[in-house]
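Undergrad: Heads up: the sequence shown is residues 7 to 610, going by my numbering. Even for Gly, the Cβ is constructed at its ideal location relative to N, Cα and C.
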Amino acid sequence: MASSFMGLYVQRDGLNLAQKALDITGSNITNVKTPGYTRQRLDIVSTKNDNRTLGYVNQVFLAGAGADGKGVTQIRDELLDNQFRKYSSITSGLTVKQNVLSDVEDAIDDIENDESGFASALKNFKSAFQSFSANGTDQSDLASVAQNQAQTMIDVLRTFSNRIDSVSEDVISDAKSTVSRVNDILEQCAKLNEQIKYSYVNMNNIYESGTRVIADTTYGPLELKDSMNNLIDELSNYMKVSVKTEEDGTFTISLPNEAKTTLVKLDKYAKMDIATDPAKVTVDTVQDETGKDVLDITIPDPEPGELKFQFSELRTAKSWKNVRCEYKGTDADQQQLADQINTCIERGEYKNAKILEEKLIANGAGADYKAIFNSKDAVISDGTIRADQQMYNGAGVYADTKNPADYTDELYGRLYQGVPFYKETFNQLAVSIVKEFNSIYEANGYDFKMFDFKQGLENTAEGLKIADDWLNDPLKCVHPNGTDKGDYDWDEISNEYINKILGVMELPHKIGKETLNYSFEDFVAHYGNTIGSQLESIKKESESGGIMYDSVQDARDEVMGVNSDEEGINMLNYQKWYNAMARMVTTMDSLLDKLINGTGTVGL
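In structure tokens:
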């Protein structure tokens, strides 16, 4: 039968378990305000009755062996984690779109302004021509006023174009900061994977199954797992990710795209970068102090014509530091490029090294060089990175789709109505202004222009200017035959061209890829309404996504968050349990005292 002291051992273990349960409860309460903390729980199981080694036939003698602590676990729901990260990506991306388009809307609102915008400038331009008298008086001053009003109208469009460029620059700046933070997160996740794996080993919380090493992921290094989940939560703001807990307890993070681009696996991680054009790297041969020819390499900041992102192959932190490029060819310039790549790697300038590698490959290194970074364009969905991409690349109907294989919206976000779309619409307005005013004279056989574009800035609002023809002779716009009153009917020609010019301002025109015709003023108002509608749609999506995000977050917090009231109840329960165990020890002590000191004593 069981030892007489078995009851004391059972109560002793019970006291220890009650104390540990109180410890865990206290830890939960202490971390109630700790961001990302997952509440913990002591798993208690009944001590099994194993009679095989002792040979007892009747198990009753060993029953009531008490309880045992199986381990400390986290209260967390993987499904809610995935849902939370999904809506985190969606809402973060919508917030970026809303902020960027709000900046564009502000610029368009300024153009629409009745006192200082395009409508005001166009109105004054129109009034200047209406002020021309038809009585044959000198109209030169009035023509100069009209020219000045035209310049004001041009300045409004140019200011809009510059403001739009500033919005694009802000998007690129945000994208650079995001890429830097993403790389930090991926490296930290890889390091945490290594710590988690060794923690399972040190805790003896793994077992082998054939050639596989399997960890009991129910328990293990809880604080490390909290750190990992917090990083993944942050990463989900930037892009939609897929997370898998491996058998050894480590986390594999990948993109849920067709290629299943892996970002972190075990202690290896990829590096993210903004793709650049290798041709932009300039490589010149110069002489050093000794007269030896060396390469003078200029590496530009990654300011792509379009915003796209790449991920390198997976490497450990050590292999990233020790990686070396080897060029096996005989071309001296190529070898110097390879040496420069290694210099950049030694300095930790991986971005520059990658750009130079692209240049090396573009120069025809071929089989003589094995790529280190092996970066590939990645399809990223949702999150701030995707939103930046759509805002920066999104030309909408003006996107170049000549080669659909290279110009897929899924990869680049070109078909979204982003900043380039609104910039191009006003470029098209500038094109229409040049075309419609100049056609007045072309249709009548005159080689005269009112408006033109600066060289190198053709077909852009930024390049719109008063044509040299009109600038040199302000009055010629209403007297294309010349300004000598004696040559023809002055008043008749003047009125004819004044009416034609006014007609261009008032009549609707085919502008850009619009299906309807608009006057210049109505066109600006139309795009004020267009971006207003787009913003309203995004706000509704954001509100809807925000509701789902808040709902999932609340549900997740109910599961993993610390509830002070609930923990207080647990504390009271464990205290009562502890007191009961202590009372049982006292009772057992009294029984044993009777047994030991009273057995065989007559009369007691």
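(1) Pull up the distance between the alpha-carbon of residue 498 and that of residue 448, whole angstroms please.
(2) Which two residues bound the contiguous beta strand (DSSP E) that contains residue 279?
(3) Given a threshold of 16 other Cβ atoms within 10 Å of its Cβ, counted over all protein chains shown, does residue 392 qualify as buried or as exposed?
(4) By alpha-carbon positions, which one of 523, 263, 248 ends up nearest to residue 270?
(5) Secondary structure at residue 312, three-state DSSP: helix, strand or coil?
(6) Please classify residue 153: is it buried, with 16 or more other beta-carbons within 10 angstroms of its beta-carbon, or exposed?
(7) Using the three-state DSSP reduction, which class does residue 384 fall into: helix, strand or coil?
(8) DSSP three-state call for residue 580: helix, strand or coil?
(9) Restricting to Cα atoms, I'd like to know which of 151, 399, 159, 104 is closest to residue 530.
(10) I need the straight-line Cα distance from residue 324 to residue 332, nearest angstrom please.
(11) Quick one: Cα of residue 467 to Cα of residue 149, how far?
(12) With DSSP as the reference, label residue 449 as helix, strand or coil.
(13) State the Cα-Cα distance for the pair residue 375 and residue 344, rounded to the nearest angstrom.
(14) Going by beta carbon distance, what residues of the same chain come within less than 6 Å of residue 60, once the five residues before and after it are set aside?
(15) Using 8 Å for Cβ pairs, my map puts residue 383 next to residue 342. What's the rounded Cβ distance?
(16) Enumerate in chain order the residues of its own chain whose CB-to-CB distance from residue 334 is below 6 Å, with the five nearest sequence positions on each side excluded.
(17) If I'm right that residue 544 touches residue 103 with Cβ under 8 Å, what's the distance once you round it to whole angstroms?
(18) For residue 423, which option in 71, 403, 115, 433 has the closest C-alpha, if you only look at C-alpha atoms?
(19) Let me make sure I understand the geometry here. Which of 515, 237, 257 has the alpha-carbon closest to that of residue 41?
(20) So the candidates are 241, 356, 594, 44; which of them puts its Cα closest to the Cα of residue 387?
(21) Using the beta-carbon count (16 or more within 10 Å), is residue 155 buried or exposed?
(22) CA-CA distance, residue 469 and residue 567?
(23) Within its chain, find whatever has a CB closer than 6 Å to the CB of residue 89; leave out the 5 residues flanking it on each side and keep chain order.
(24) Ordered along the chain, which non-local residues of its own chain (more than five positions away) have a Cβ less than 8 Å from that of residue 184?
(25) For a test of the three-state rule: what should DSSP assign to residue 183, helix, strand or coil?
(26) Is it the case that the Cβ atoms of residue 318 and residue 358 are separated by a distance below 8 Å?
(27) Just checking, does the segment 104–115 make contact with the segment 522–537 on the three C-beta pairs under 8 Å criterion?
(28) Is residue 320 closer than 8 Å to residue 268 when the C-beta atoms are compared?
(29) For a test of the three-state rule: what should DSSP assign to residue 87, helix, strand or coil?
(30) So, for residue 146: in the same chain, excluding its five sequence neighbours on each side, which residues have a beta-carbon less than 8 Å away from its beta-carbon?
(31) Rounded to a whole number of angstroms, what is the C-alpha to C-alpha distance between residue 175 and residue 181?
(32) Which complete beta strand (DSSP E) runs does the segment 452–500 hold, if anything under 3 residues is left out?
(33) Can you say whether residue 426 is buried or exposed, counting buried as having 16 or more other CB atoms within 10 angstroms of its CB?
(34) Note down, one range per segment and in chain order, each beta strand (DSSP E) of at least 3 residues found wholly within the segment 212–253.
(35) When you compare only the Cα positions, how much space is there between residue 593 and residue 14?
(36) Could you tell me how far apart the beta carbons of residue 473 and residue 455 are, in whole angstroms, since I believe they sit closer than 8 Å?
TA: From the atom records:
(1) The residue labelled residue 498 in the question sits at position 492 within the sequence shown. The residue labelled residue 448 in the question sits at position 442 within the sequence shown. Straight-line Cα distance between these residues: approximately 19 Å.
(2) Position 273 of the sequence shown, counted from the first residue, corresponds to residue 279. Its beta strand (DSSP E) spans residues 278–280.
(3) Taking the sequence shown and counting its residues from 1, one reaches residue 392 at position 386. Classification for residue 392: buried.
(4) Position 264 of the sequence shown, counted from the start, is the residue given in the question as residue 270. Measuring from the Cα of residue 270, the nearest candidate turns out to be 248.
(5) Along the sequence shown, one-based indexing puts residue 312 at 306. In the structure shown, residue 312 sits in coil (DSSP, three-state: anything other than H, G, I, E or B).
(6) Residue numbering aside, residue 153 sits at position 147 when the sequence shown is read from its first letter. By the neighbour-count rule (16 or more Cβ atoms within 10 Å), residue 153 is buried.
(7) Within the sequence shown, the letter at position 378 stands for residue 384. In this structure, residue 384 counts as coil in the three-state DSSP scheme.
(8) Within the sequence shown, residue 580 is the residue found at index 574, counting from 1. Residue 580: helix per DSSP, three-state reduction.
(9) Stepping through the sequence shown from its first residue, residue 530 is reached at position 524. Here the closest residue by C-alpha is 159.
(10) What you label residue 324 is simply residue 318 of the sequence shown in a count that begins at 1. What you label residue 332 is simply residue 326 of the sequence shown in a count that begins at 1. Counting only the Cα atoms, residue 332 lies some 18 Å from residue 324.
(11) As a first step, residue 467 must be located in the sequence shown, where it is residue number 461. As a first step, residue 149 must be located in the sequence shown, where it is residue number 143. Their backbone Cα atoms lie some 23 Å apart in a straight line.
(12) The count along the sequence shown starts at 1 and reaches residue 449 at position 443. In the three-state reduction of the DSSP assignment, residue 449 falls in the coil class.
(13) For the purposes of this step, residue 375 is taken as the residue at position 369 of the sequence shown. For the purposes of this step, residue 344 is taken as the residue at position 338 of the sequence shown. Whole-angstrom Cα-Cα distance: 9 Å.
(14) By 1-based counting over the sequence shown, the position of residue 60 is 54. Residue confidence is low: residue 60 scores 49 on pLDDT, short of 50, so the model does not pin down where it sits. No coordinate-derived value is stated.
(15) Within the sequence shown, the letter at position 377 stands for residue 383. Within the sequence shown, the letter at position 336 stands for residue 342. Contact between residue 383 and residue 342 is absent: CB atoms are separated by about 28 Å, not below the 8 Å threshold.
(16) Numbered from 1 along the sequence shown, position 328 holds the residue referred to as residue 334. For residue 334, where only same-chain residues beyond five positions count, the Cβ hits under 6 Å are 374.
(17) In the sequence shown, the residue the question calls residue 544 occupies position 538. In the sequence shown, the residue the question calls residue 103 occupies position 97. Confirmed, about 5 Å.
(18) Your numbering for residue 423 matches position 417 in the sequence shown. The residue with the shortest Cα to Cα distance from residue 423 is 403.
(19) Locating residue 41 in the sequence shown gives position 35, counting from the first residue. Here the closest residue by C-alpha is 237.
(20) Position 381 of the sequence shown holds residue 387. Taking the Cα of residue 387 as reference, the smallest distance to any Cα among 241, 356, 594, 44 is reached at 241.
(21) Here the question's residue 155 lines up with position 149 in the sequence shown. Answer is buried; the Cβ neighbour count reaches 16.
(22) For the purposes of this step, residue 469 is taken as the residue at position 463 of the sequence shown. For the purposes of this step, residue 567 is taken as the residue at position 561 of the sequence shown. When rounded, the distance between both Cα atoms is 58 Å.
(23) Translated into the one-based positions of the sequence shown, residue 89 becomes position 83. Annotation for residue 89: 558 place their beta carbon closer than 6 Å to its own, counting only its chain and skipping 5 residues before and after.
(24) Numbered from its first residue, the sequence shown carries residue 184 at position 178. These residues qualify, in order along the chain: 244, 390, 391, 394.
(25) By one-based count along the sequence shown, residue 183 stands at place 177. Three-state DSSP puts residue 183 in a helix.
(26) Residue 318 sits at position 312 when you count from the first residue of the sequence shown. Residue 358 sits at position 352 when you count from the first residue of the sequence shown. The Cβ-Cβ distance between residue 318 and residue 358 does not fall below 8 Å.
(27) The count of Cβ pairs closer than 8 Å, one atom from the segment 104–115 and one from the segment 522–537, reaches three, so the stretches are in contact.
(28) Residue numbering aside, residue 268 sits at position 262 when the sequence shown is read from its first letter. Residue numbering aside, residue 320 sits at position 314 when the sequence shown is read from its first letter. Yes, Cβ-Cβ distance for residue 268 and residue 320 is below 8 Å.
(29) Position 81 of the sequence shown, counting from 1, holds the residue named residue 87. For residue 87, the three-state secondary structure derived from DSSP is helix.
(30) Position 140 of the sequence shown, counted from the first residue, corresponds to residue 146. The answer, listed in chain order, is 480, 481.
(31) Counting from one through the sequence shown, the residue named residue 175 turns up at place 169. Counting from one through the sequence shown, the residue named residue 181 turns up at place 175. Taking the straight line joining both Cα atoms gives about 10 Å.
(32) You should have 457–459, 470–472.
(33) Here residue 426 refers to the residue found at position 420 of the sequence shown. Its Cβ being crowded by 16 or more others within 10 Å, residue 426 is buried.
(34) Counting only runs that start and end inside the segment 212–253, the beta strand (DSSP E) elements of at least 3 residues fall at 212–215, 218–221, 248–251.
(35) Here residue 593 refers to the residue found at position 587 when the sequence shown is read from its first residue. Here residue 14 refers to the residue found at position 8 when the sequence shown is read from its first residue. Taking the straight line from one Cα to the other gives about 10 Å.
(36) Within the sequence shown, numbered from 1, the residue matching residue 473 stands at position 467. Within the sequence shown, numbered from 1, the residue matching residue 455 stands at position 449. Yes, residue 473 and residue 455 are in contact; Cβ-Cβ is about 4 Å, under 8 Å.
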